[in-house]
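Working notes, structure below.
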Amino acid sequence: MKKEGNYGDSFLKKKIQEKETERNEKFEPAGEEEFEGVKIVAYYFSAYHCPASRIFNNSLKEVYNSINLDEKFFEVVYVPCDFDEDSHRNNYAYMPWLSFKFNDENIALLKKKYQVKQIPYLVVVDPQNEWQTLSIRGRKEVQEQPEECFELWLSNQKNQKYTDPVPDTPISTTITDEAKEAMIVYKQWEEDRKREKEEEREREEKEKAEKEARLKAS
């Protein structure tokens, strides 16, 4: 099964090695064999800084593990929308599926193709028929129909019921109390981070001024 377009070595897979009490996570290139036998693929647009994404990670992970309990039929590809590579690695560390490499050129192309304006965002595609779009409401379907969503996608695939990759109307999602609480926590974290950056900037300016003063005095 060929990946959409020419992704080459764009994908990463996470490999866990355990030696006694030591547990190491490594990120290695993923090959074509990762898609063998896979019937449905989902592009998962997400970011570590987004509380709603971190909450949805758990829902998607449960569906992913349930579908692939005996054999892998469903693959997810994380399309990182993170600010930096460290955030990408932190987010991907909690994911059991594949990921694009951070800053891979295909990320921007996929964002443009699917007109991604909010995250988390899940686009379900048919890898057996030119990667046509089966659903642009994957997030909503996973949240509201966790036990039926895969069968829904398979039905769309069987009947070749494809959809436009760009939504004609805004996709609404319900914000749970848990998500609202997470957003409050994130805003506090964002304020703390902004303050820390400002303090760091002031400290650097002070050190620079002290260094210049010492040079003038010498």
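Just so you know, we're using this note's numbering here: the sequence shown kicks off at 7 and counts up by one. Backbone N, C-alpha and C fix where the C-beta goes; we use that ideal spot for every residue, glycine too. For clarity, every value in this text was computed on a predicted model and none was experimentally measured.
Which listed residue (E210, E208, A58) has its alpha carbon closest to that of I125: Here the question's residue 125 lines up with position 119 in the sequence shown. Closest option to I125, Cα to Cα, is A58.
Exposure label - S161; buried when at least 16 CB within 10 Å: By 1-based counting over the sequence shown, the position of residue 161 is 155. S161 is exposed by the Cβ-count criterion.
Nearest-angstrom Cβ-Cβ length linking E68 and P152, presumed shorter than 8 angstroms: Your numbering for residue 68 matches position 62 in the sequence shown. Your numbering for residue 152 matches position 146 in the sequence shown. Their Cβ separation, rounded to whole angstroms, is 7 angstroms, which keeps E68 and P152 in contact under 8 angstroms.
Residue from F51, E210, K200 with nearest C-alpha to L115: Position 109 of the sequence shown holds residue 115. Of F51, E210, K200, the residue nearest in Cα terms is F51.
Every unbroken beta strand (DSSP E) inside the segment 59-132 [3 residues or more]: 80-86, 104-106, 127-132
V44 (DSSP reduced to helix, strand or coil): For the purposes of this step, residue 44 is taken as the residue at position 38 of the sequence shown. DSSP places V44 in coil when its eight states are reduced to three.
Counterpart residues of S52 in DSSP-defined beta bridges: Indexing the sequence shown from 1 puts residue 52 at position 46. In DSSP, S52 forms a bridge with P86.
Endpoints, beta strand (DSSP E) assigned at S141: If you number the sequence shown from 1, residue 141 lands on position 135. Per DSSP, S141 belongs to the beta strand (DSSP E) from 138-141.
Residue burial classification, D88 (beta-carbon count within 10 angstroms, cutoff 16): Position 82 of the sequence shown, counting from 1, holds the residue named residue 88. Classification of D88: buried, given that the 10 Å Cβ count is 16 or more.
With 16 other Cβ atoms within 10 Å as the buried cut-off, status of D110: Start at 1 with the first residue of the sequence shown, and residue 110 comes out as number 104. Buried, by the Cβ-count rule.
The segment 164-172 in contact with the segment 128-140 per 3-pair CB rule at 8 angstroms: yes
Whole-angstrom distance between P102 and I113, CA atom to CA atom: Start at 1 with the first residue of the sequence shown, and residue 113 comes out as number 107. Start at 1 with the first residue of the sequence shown, and residue 102 comes out as number 96. Each residue's Cα considered, the two are about 19 angstroms apart.
Check whether N96 and Y54 have beta carbons under 7 angstroms apart: Taking the first residue of the sequence shown as position 1, residue 96 is located at position 90. Taking the first residue of the sequence shown as position 1, residue 54 is located at position 48. Against a cut-off of 7 angstroms, the Cβ pair of Y54 and N96 comes out as a contact.
Euclidean distance between Cα positions of T182 and K217: As a working note, residue 182 is residue 176 in the sequence shown. As a working note, residue 217 is residue 211 in the sequence shown. With a pLDDT of only 47 at T182, under the threshold of 50, the placement of this residue in the model should not be trusted, and no figure is reported.
Per-residue DSSP class, three states only, for E153: Here residue 153 refers to the residue found at position 147 when the sequence shown is read from its first residue. Reduced to three states, the DSSP call for E153 is coil.
Best match in K200, V172, L158 for proximity to K117 [C-alpha to C-alpha]: Translated into positions along the sequence shown, residue 117 becomes position 111. The shortest Cα separation from K117 among K200, V172, L158 belongs to V172.
Whether A48 touches L128 by CB criterion (7 angstroms): Taking the first residue of the sequence shown as position 1, residue 48 is located at position 42. Taking the first residue of the sequence shown as position 1, residue 128 is located at position 122. Result yes, Cβ atoms of A48 and L128 sit closer than 7 angstroms.
Simplified DSSP assignment, three categories, for N165: One-based indexing of the sequence shown puts residue 165 at position 159. Residue state, collapsed to three classes: coil.
Helix, strand or coil at P57 [DSSP, three-state]: Position 51 of the sequence shown, counted from the first residue, corresponds to residue 57. Looking at P57 - three-state DSSP - the assignment turns out to be helix.
Under 7 angstroms between C-beta atoms of F108 and P133: What you label residue 108 is simply residue 102 of the sequence shown in a count that begins at 1. What you label residue 133 is simply residue 127 of the sequence shown in a count that begins at 1. Cβ distance not < 7 angstroms, so F108 and P133 don't count as in contact.
Proximity winner among Q149, N135, A223, relative to N63 (alpha-carbon distances): Looking up residue 63 in the sequence shown gives position 57. Selected option, being the one with the closest Cα: Q149.
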